[in-house]
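Read through the structure below, which is laid out as structure tokens, and then see the notes.
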Amino acid sequence: MPVEVILPKVDMDMETGTIEAWHVKEGDLVRQGDTIFEIGTNKAVMEVEAPASGAIRNIMTETGVPISVGTPVAWIYLDGEAGNKPPEPAATAAPVAAVASRPRTSALAATEAPAFATASGLRATPLARRIARQHALDLGTVAGTGPRGRIGEIDVRRHLDQRSRCAPAEQARSAPTPIASTSEGRLQPFSAIRRIVASRLSQSMSTAPHFYLTSEIEMSAARDLLGRLAARHERIGAPKPSITVLIARIAARVLRDHPVINASAEGEATRFHERINIGIAMERDGDLVVPVLRDAGSMDMPAMTREFARLRDGMARRTLTPAELGGGTFTISNLGMYGVDSFTAIINPPQGAILAVGRTVDKPVGRDSQIVLRPMANFTLSSDHRIVDGVAAARFMADLREALESPEVLL
Amino acid sequence: MPSDTLEAPAAIRELSYAEAAREALAQAMEADERVFLFGEDVGVYGGAFGVSGDLVHRFGTDRVIDTPISELGIAGAAVGAAITGMRPVLEIQFSDFVTLAMEQIVNQAAKIRFMFGGKASVPMVVRLPGGSGTGAAAQHSQSLEAWFAHVPGLKVLQPSTPYDAKGMLLAAIDDPNPVLIFEHKLLYKTKGHVPAEAYRVPIGQAAIRREGADITIVGSSIMALKAQAAAERLAAEGISAEVIDLRSIRPIDFTTIAESVRKTHRLLVVYEGVKTMGIGAEISAMIAESEVFDFLDAPIIRLGGADAPIPYNPVLEKAAVPQEDDIVAAATNLVRRGEA
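Following this line, the structure appears as structure tokens:
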């Protein structure tokens, strides 16, 4: 068994300590008694000695962060144990990509140890190894989520699942990249959400031929309307409406007249959706989340504003159900508040289009032979060319412009 | 055949574990006059744990014999009687006292058939009340079954239910070789269905007490019951545990364990005897050596007795052997992939 190196209690009333610096690096051979790291308490910095002789592995690399006393911060593999020998120089190049995909299971098991991923040094259960053999799968490419990064059946199954679901993406990924062959930088494994986003968007880009139409639209009327709506909402006790909700409201109304934009490619057919469910792209802790305004086509502004507030709140509290995050038929992504002028978005499959909204900014425009300042915003529609043609998308954009420039007509 | 696969009778006939063992003794003595009982206080007192009860009044002092306090003496007499064709059933008052009878059981009873080329055999049964939980301290609370399971020539049983207490005792009396039955002291008063007829539970067959998919928990005697109670709680947490009651330590039903682990991919072995060099080590090694190794998705975990004499203090006594909570915690950890 490898010997655990724990964060020791070096002070009477010490509950946590920080690792100030490591004196060794992953894979180094140490002798019992060698100084391996410095520990900081609220009073002093002290040196910690190796409790055994062997190869140091699975170093917890975070320094300067408080860690509970007793937490394992590294392991020492004794002579003859798997993982004791430093990898052969030749072996390091190939399996590196493998290592790059091994996540830390928790702060405790954190490892940035590329050199550790030789076949013999992998931690995997017999069952995981058996299944990998059956599928000719290199375990080095599998992320272990068990204790100390151990690969279990569930990890292999998940990996195989993913491989079969996005086979083209997998091929691209398996090519060794020279960048990954260094151990520089921080390696953060995908969150569950990021995994889904990555796989869905790759699928979208590789199966749906995208094309993009941009319109610069004057926002004076929409702004005025937003101001009046704000006053009205205050009177009736509804939340303050945002420009995003207003755009969603107007887009939903316009979509009614453009069923092909509110549609999905399904095999060799187009699925026209009865309902208009508008997804609004949002950010939570660095993850992309898209809650859906269900049946947005039949909602008035106060109802939609309330629903939007509820979804945003549910997202922050992580109480949204998968049903509330799925079933969208059209998506709006607004990055205007970040000062983005215009951008193109990737369609959220299986939807047929997505609307990217840039910031509203006063610009000189020609009106009645005069140059005047008007609040203008760029709207870019990404469409799936399998079901939407240029003209159909252009008609939608024309109606969207008209609706945004004279919203009263529609609302 | 596992007991729970028998058809349910029209009316449940409930007996305690002690009554079930007594019924087995009475039926064996009625059917075969070579069967007789031997032990300290098995006569008019009815046995230290009440197993022999009124048998002395039914069968007389020639067949229910109170012996002097000399385990070596009575074990030797039993071996001699068995060689001459009798069917002695010996009670060691507390299994701890069997240390005094080791020479006769290990060096004589277990070896004679082999050393005489099968011309002699020792059809004796030794009943041994064992286990902790009664506040009887270190010299009256041990679980020594693993000692005997180490000896070729002996069979070692650990019934956990009244049904098995009767059926396995009858099977042991039929057996032409020495059989040791460890009866847990805390089980004597437990009740369960026991058919009236003289039935046998085959030696060497484990019982699957509960089917499950996520983890196999192997136990015997009282630990099989604790494992079943733990499995109920685990089920409430969404963990499906398969519980195997070994019933027989030697011969051990490796097939049943292996098939289960092949299905669940996880193994937890629970036993009251001292963990070190115990039954759990043997089962773990058998799995690790077999082709089932390739189906393990987690380390094999043993829950065994502490490496210490059983304490007298009741709190410490409990802490020294695995309890239901320990089983739940260990199984949860294994299935949920905590640091094992």
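Residue numbers (our numbering), protein chains in the order written: chain A, 1 to 411; chain B, 412 to 751.
Note that CB positions come from ideal geometry on N, CA and C, so glycine has one too.
With respect to chain A, the C-beta atom of B/F704 has a partner C-beta closer than 8 Å. Those residues of the stretch 142-156 of chain A placed with their C-beta closer than 7 Å to a C-beta in chain B are G146, P147, G152 and E153, ordered along the chain. DSSP, reduced to helix, strand and coil, places A/R158 within a helical segment of the structure shown. Judged by DSSP in its simplified three-state form, A/I354 adopts strand.
Here the alpha carbons of A/F396 and A/I347 stand approximately 16 Å from one another. Taking B/Q515 as the centre and dropping the five residues before and after it, the same chain places the C-beta of A486, G487 and V490 closer than 6 Å to its C-beta, in chain order.
For B/L678, the three-state secondary structure derived from DSSP is strand.
In this structure, DSSP gives A/R359 an extended state, which the three-state scheme calls strand.
Under DSSP, A/E49 takes part in a beta bridge, and its partners are A/T35.
Straight through space, the alpha carbons of B/V567 and B/L581 are spaced by roughly 14 Å. Pairing A/V245 with A/F308 gives a Cβ-Cβ distance under 8 Å.
Pairing B/E502 with B/L426 gives a Cβ-Cβ distance that is not under 8 Å.
Along the stretch 705-722 of chain B, the positions whose C-beta sits under 7 Å from a C-beta of chain A are D705, F706, L707, D708 and A709, read in chain order. Spanning the alpha carbons of A/E153 and A/T145 requires a straight line of approximately 10 Å. Note that the C-beta distance between B/G684 and B/S554 is below 8 Å. Under a criterion of Cβ atoms nearer than 7 Å, the residues of chain A adjacent to B/R748 are, in order, G146, P147 and G152. The C-beta distance from B/L679 to B/I628 rounds to 5 Å, short enough to meet the 8 Å contact threshold. In the three-state scheme derived from DSSP, where H, G and I count as helix and E and B as strand, B/I650 is classed as coil.
Within chain B, the residues L707, D708 and A709 have their CB atoms less than 7 Å from the CB of A/T125, given in chain order. Of the candidates B/G461, B/V462, B/K729 and B/G454, the residue whose Cα lies closest to the Cα of B/H468 is B/G454. In the pairwise beta carbon analysis, the stretch 655-670 of chain B is classified as not touching the stretch 720-729 of chain B: fewer than three pairs are separated by under 8 Å. A Cβ-Cβ contact shorter than 8 Å links B/F593 with B/E556. Looking at the DSSP output, A/D287 shares a beta bridge with A/R284.
When the five nearest sequence neighbours on each side are left out, the beta carbons in the same chain lying within less than 6 Å of the beta carbon of A/A50 are those of V30, Q32, D34 and I36, in order along the chain.
A/I6 and A/I19 have their C-alpha atoms roughly 11 Å apart. In the DSSP assignment, B/Q438 falls within the unbroken alpha helix (DSSP H) covering Y428 to A442.
In the structure shown, A/N378 falls within a strand segment according to DSSP collapsed to helix, strand and coil. Using beta-carbon distances, B/H676 counts as an interface residue toward chain A, with a partner under 8 Å. Taking A/S215 as reference, the option from A/H23, A/D341, A/I371 and A/I39 with the minimal CA-CA separation is A/D341. Listed along chain B, the residues sitting closer than 9 Å to A/A128 by beta-carbon distance are D708. Checking the DSSP bridge columns, you'll see B/H604 partnered with B/E425. Around the beta carbon of A/T321, a 10 Å sphere encloses fewer than 16 other beta carbons of the protein chains shown; the residue is thus reported as exposed. Taking B/A583 as reference, the option from B/S571, B/T572 and B/L565 with the minimal CA-CA separation is B/L565. Boundaries of the alpha helix (DSSP H) around B/L727: P725 to A730. DSSP places B/P499 inside the beta strand (DSSP E), whose first and last residues are R498 to E502. The DSSP-derived three-state label of A/Y338 is helix.
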